[in-house]
Each structure stands twice: as C-alpha cells, then as structure tokens.
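Protein chains in written order, with my numbering: chain A, 1 to 254; chain B, 255 to 368; chain C, 369 to 510.
In structure tokens:
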C-alpha cells in the first residue's frame, strides 16, 4: 500500500532526469501587507512536458509553500489557473514551459482582476457580469408538455452557439481586453460572448431582454474589436466573433 | 438616449462625412492646392450656396462624430457618476460650441458680412 | 488602480503582445484624437476669413511652411487610416467578415482574427502612406 509520503515522492520532479533548468519569477503581493509587488526567483528543473503549473507547484512544494495560486483540474477544464505568463494571459496548466522559448518564466496575477494574494485573483466581478446577462435558456414553457419530448434542435442550429458553450470562465479574455484595462464598469468579453451564446440558441426567447441589458454606456458598444480576447482564449470560444455577431443583431445586420 | 442609438448616429455620421469630405478635398485638388486657398477663391467657395451648405453639413457631421468619439474614449478611461455626466455634457457642449462657431464663419462669409 | 489591478492606459495601448489588431485599435484612437484636434484647429483657422484678406493671408502663411506641410501630410495619413480602418471596423461590428461559429479544433485559431481583417488593416496603413506621399507631392511640388 502506497504511503502519502511515497505518493509525494513520486510526484516530485527528479533532478537527475531533467533536461533543463529554468528561472521562475513569481509576483508576490499581499494587498493587506505589501505596498508594491515583488518578484521571487527560483531555479527549477523542467522536462519538455512540464507545464507552468507544474513548475509553480514544484516551487510551492520545495521552496515556499506560502505562494498563493488557484488550480484544480490541471487539464484546462476548470478555468482556475489563469495568470499572466511571460506577459500574456494563459492557463498555467495548459502552457508548457517548452513552448515559451525562454529560460525565464515570469508569472503574475491576471490583469483587470483584484488580487487576493500573489497569483490568486477575485472573480466576483466576472461572475456578476456573467449572471447579469441571464446565462440560461429563457422560455415561456419551462417544462416540456407531457405529449412532447425534449426541445429538438437541428445540427445547424447547434453549430450557431456550441462554440460559445466551451467557455470555462477562466477570465483570460477579460484580462487581455484593452477596454477592461481602464474601464471597470465594462461588462467584458466573457459575459458578452455568453450573451451571444444564449441569443443564438434556437430554444431561447430571451433575446430582447439580453440585448436591453448590454445596450448600456458600458455594455457591448465599448468593444472595439481589438480581438485580444479571442487570441488568448484557451478553449477556442472566440469571444470577439460572438460580440460582433451580437452587435450585428443590434445593428439589424442579422 | 440609448447607447445603440448614439452609436448608430456615430456610424452614420462617419459614413456620410467620408463622402462629403472627399468632395471637399477634391475641390482643393481640382483647382490646384495653393490656388484654391487664395482669399478670392475661398470667398467664392463660401458665397456659392451649395458649397456653403456642404461645409455646414460636414461641420455638423464631424462635430457629432468627433465629440462622440472623444466621449467614448473618456468614458472608458475613468468611471464614476459625476465624471461620466461631466464627460457627456461636456462633449455635447463642445459639439454645440464648435458647430456654432463654424456656422458663424460660414453664414457670415456666405452673406458677405465681412 | 492597484486595488482593481487594472492594466491602465499602458495596457490598453500595448501594441507588442496581441498583434496587428491591437496596433490598429490604438492607431484608431490616436488618429481619432488627432483628427478631432485638427478639426477644431481647422474651424478656428478658417474663421480668420472674417478678418478680411489680411487676416486670411496671415493665417495661411502659417500653413505654407515646410512644418505646416509636414503637419498636413500627417493629417492626410491620419484621415485615410481612420477612414479605411473605420469602414473595416464598422463591417466587423455588423458581424461582416468575422467568420462563422462552428466547433473549434485545437490549436483554436480564432476565426474572427482572420486574413480578411488583417488585410483590411494593412490596406489602411498602405493607403495612408500612399495618400501621404501624394499629399507631399502636391504640397511641396507647388
């Protein structure tokens, strides 16, 4: 029977088999204590398959376990480990060290999110914006009638929104958005893409109420199609496309 | 006013201005750039009613488009109820002021009040 | 700003990390502000005609210098870029040329960041450069 200590030993990266040593620079900041962000540096051995999250957890385990980092699934599904890696918003578990082409990895908390500590940020605003656009199917008949089955959709109808259902609410799009860099009231690309996801769903009847919500001075019109949100999305959601298609509805194009 | 209405006006003024400004610039080029800017030539332009009308429309379109663009940029830079109201009213005031000032030039020159 | 950890104006401009679309975004802003400034100055400048021939000629002299011509060349460039890129953005805002939704495949290249829009941006830059050269030829040629 394996002991906990054995399991821990098993997960430790072996220095002997390492192909490379990289420097990990972690932004350390506690808003309750610190006035500025400081960077702590660690030398870490990596393999070609090592992810940035592996490196951070290695450091947390062997050098400083006070480092605050949020993670869970390690497979780009939970959307917890979003952070700025070498200047770009990425998922730490989805970014291999080898693909960064650098011996120095700098990790910072996501921009445009309040910092809890170190790499962990608050998601309240993202979730508030997400809830604001009513992220659920709106229909008069919430329960299917006894003599009918589920509400059916054609494959074409499904294609209209399925891409936008992949959103894992990691917040990378909001972190990359140039409007969010200065506008704290902007609803953000995540919520706007989700608004499109439900508006484009053939089962949904809530189009008008959603368009009304986002037709605000800090709503959809504050998107200027810079496309940075789509460039950083780790799930191929392409929020910029959703937002423009949604705006197309409002301009009467579609 | 709903933001969608404001932005439709923003797009509309832009498209209309593109065509009219092109005519305005072509007028300079067809006459010869330096020659078209001579006092007599400019006065003749202003006194020609359709051209004066064109200038007035360009003035209105670009003032609306320009100041709304400025409003958008300023609203995105900083937030807050008082600030946002100040920006919105300030831009409307700027727009009206510029249209008024430009109209004065066009009307007075067109009517020979110089 | 620190509490919210917003990137600020530096992050908004940020031309390096997100490609030509982000460069077009801040160029659009800069040219817009520049053109508004020029427009206000132009309205003020043309009002000198109310002071008669002498007032007009005095003001005109200011623009008939090398610096004045270079400034006008810059205005021409800003105007052409803002117009062409503006039309591209307007089409994009209407959902034109942003691709069709579909099941994304790894490595998830976003359909909205497609070649059509990139060509649109480069066209705006090239046309602005051509217009600036033509403007210089007209102004300095006379």
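Virtual Cβ for every residue (Gly too), placed ideally from N, Cα, C.
Anything in chain A within Cβ reach of residue i, meaning under 7 Å, just list it in chain order.
i                      : result
residue 484 of chain C : Result: empty, since nearest Cβ-Cβ is about 13 Å, beyond 7 Å.
residue 502 of chain C : Going along chain A, no residue has its Cβ under 7 Å from residue 502 of chain C, so there is no contact; the nearest lies around 29 Å.
residue 329 of chain B : 217
Tell me whether residue i sits in a helix, a strand or coil according to DSSP, three-state version.
i                      : result
residue 140 of chain A : coil
residue 28 of chain A  : strand
residue 354 of chain B : helix
residue 237 of chain A : coil
residue 160 of chain A : coil
residue 496 of chain C : helix
residue 225 of chain A : coil
residue 346 of chain B : helix
residue 212 of chain A : helix
residue 187 of chain A : coil
residue 89 of chain A  : strand
residue 232 of chain A : helix
residue 180 of chain A : coil
residue 155 of chain A : helix
residue 110 of chain A : coil
How would you list, in chain order, the residues of chain C whose beta-carbon sits under 7 Å from the beta-carbon of residue i?
i                      : result
residue 265 of chain B : 458
By how many angstroms is the C-alpha of residue j removed from the C-alpha of residue i?
i                      : j                      : result
residue 474 of chain C : residue 459 of chain C : 28 Å
residue 433 of chain B : residue 247 of chain A : Outside the modelled stretch of chain B, which goes from 255 to 368, sits residue 433 of chain B, for which no answer is possible.
residue 21 of chain A  : residue 76 of chain A  : 25 Å
residue 346 of chain B : residue 218 of chain A : 18 Å
residue 85 of chain A  : residue 27 of chain A  : 11 Å
residue 337 of chain B : residue 215 of chain A : 20 Å
residue 82 of chain A  : residue 335 of chain B : 32 Å
residue 369 of chain C : residue 386 of chain C : Bear in mind that the predicted position of residue 369 of chain C carries a pLDDT of just 49, short of 50, making it unreliable; the figure below should be weighed with that in mind. Distance between the alpha carbons of residue 369 of chain C and residue 386 of chain C: 23 Å.
residue 482 of chain C : residue 128 of chain A : 31 Å
residue 232 of chain A : residue 477 of chain C : 10 Å
residue 122 of chain A : residue 395 of chain C : 32 Å
residue 229 of chain A : residue 56 of chain A  : 25 Å
residue 295 of chain B : residue 275 of chain B : 18 Å
residue 371 of chain C : residue 496 of chain C : 41 Å
residue 23 of chain A  : residue 382 of chain C : 25 Å
residue 390 of chain C : residue 224 of chain A : 10 Å
residue 443 of chain C : residue 502 of chain C : 13 Å
residue 13 of chain A  : residue 97 of chain A  : Any reading at residue 13 of chain A must be qualified, since the residue scores a pLDDT of 49, below 50, and its modelled position is unreliable; the value itself is stated next. Going from the Cα of residue 13 of chain A to the Cα of residue 97 of chain A covers about 14 Å.
residue 278 of chain B : residue 136 of chain A : 52 Å
residue 433 of chain C : residue 93 of chain A  : 60 Å
residue 157 of chain A : residue 202 of chain A : 6 Å
residue 388 of chain C : residue 398 of chain C : 15 Å
residue 305 of chain B : residue 367 of chain B : 17 Å
residue 45 of chain A  : residue 19 of chain A  : 7 Å
residue 492 of chain C : residue 506 of chain C : 21 Å
residue 90 of chain A  : residue 51 of chain A  : 11 Å
residue 282 of chain B : residue 124 of chain A : 57 Å
I want to verify the contact list: residues of chain A whose CB lies under 8 Å from the CB of residue i, in sequence order.
i                      : result
residue 370 of chain B : Given a span of 255 to 368 for chain B in the structure shown, any question on residue 370 of chain B remains unanswerable.
residue 261 of chain B : 221
residue 452 of chain C : Those within 8 Å of residue 452 of chain C in chain A number zero; the least Cβ separation is about 15 Å.
residue 479 of chain C : 238, 241
Determine the chain B residues that contact residue i at a beta-carbon separation under 8 Å, and present them in chain order.
i                      : result
residue 506 of chain C : 283, 287
Check the Cβ of residue i against every Cβ in chain B and list those closer than 7 Å, keeping chain order.
i                      : result
residue 390 of chain C : In chain order: nothing, as chain B lies at least about 15 Å away.
Starting from the beta carbon of residue i, find every residue of chain C whose beta carbon is closer than 9 Å, and list them in chain order.
i                      : result
residue 139 of chain A : What residue 139 of chain A touches in chain C: nothing, since even the nearest Cβ is about 21 Å away.
Using beta carbons (cut-off 8 Å, strictly below), is residue i in contact with chain E?
i                      : result
residue 393 of chain C : Of the protein chains in this structure, namely A, B and C, none is chain E.
May I ask you to list, following chain order, the residues of the segment 375-387 of chain C that have a beta carbon less than 9 Å from some beta carbon of chain A? So the close ones are 375, 376, 377, 378, 379, 380, 381, 382, 384, 385, 386, 387.
Against chain A: residues of the segment 413-431 of chain C by CB proximity under 9 Å: Of all residues in the segment 413-431 of chain C, none has a Cβ within less than 9 Å of some Cβ in chain A.
Runs of alpha helix (DSSP H) lying entirely within the segment 434-485 of chain C, each at least 4 residues, in chain order: Entirely contained in the segment 434-485 of chain C, the alpha helix (DSSP H) runs reaching 4 residues are, in chain order, 434-461.
When you check each C-beta in the segment 216-232 of chain A against every C-beta of chain B, which residues fall closer than 9 Å? Flagged, chain order: 216, 217, 218, 219, 220, 221, 222, 224.
Entirely within the segment 112-136 of chain A and at least 3 residues each: give me those beta strand (DSSP E) ranges in chain order. Whole beta strand (DSSP E) segments, 3+ residues: 115-117.
Counting only runs that start and end within the segment 286-336 of chain B, where is the alpha helix (DSSP H) found for 4 or more residues in a row? Fully enclosed alpha helix (DSSP H) runs of 4 or longer: 287-290, 293-301, 303-331.
So if I threshold CB-CB distances at 7 Å, which residues from the segment 172-195 of chain A count as touching chain B? Per Cβ criterion, the list reads 179, 182, 183, 184, 185.
Positions along the segment 289-303 of chain B whose CB lies within less than 8 Å of some CB in chain C: Taken in chain order, the members of the segment 289-303 of chain B whose beta-carbon sits within less than 8 Å of a beta-carbon on chain C are 291, 293, 296, 297, 300.
Taking any Cβ of chain C, which residues in the segment 89-103 of chain A have a Cβ under 8 Å from it, in chain order? Listed by position along the chain: nothing, the set is empty.
Of all the residues that make up the segment 148-164 of chain A, which are near chain C by a beta-carbon distance shorter than 8 Å? Result list: 159, 160, 161, 162, 163, 164.
What alpha helix (DSSP H) runs, 4 residues minimum, are completely inside the segment 382-424 of chain C? Runs of the alpha helix (DSSP H) lying entirely within the segment 382-424 of chain C and spanning at least 4 residues, in chain order: 387-414.
Residues, ordered as in the chain, of the segment 112-127 of chain A that lie near chain C by beta-carbon distance below 8 Å: Per Cβ criterion, the list reads 112, 113, 114, 115, 121.
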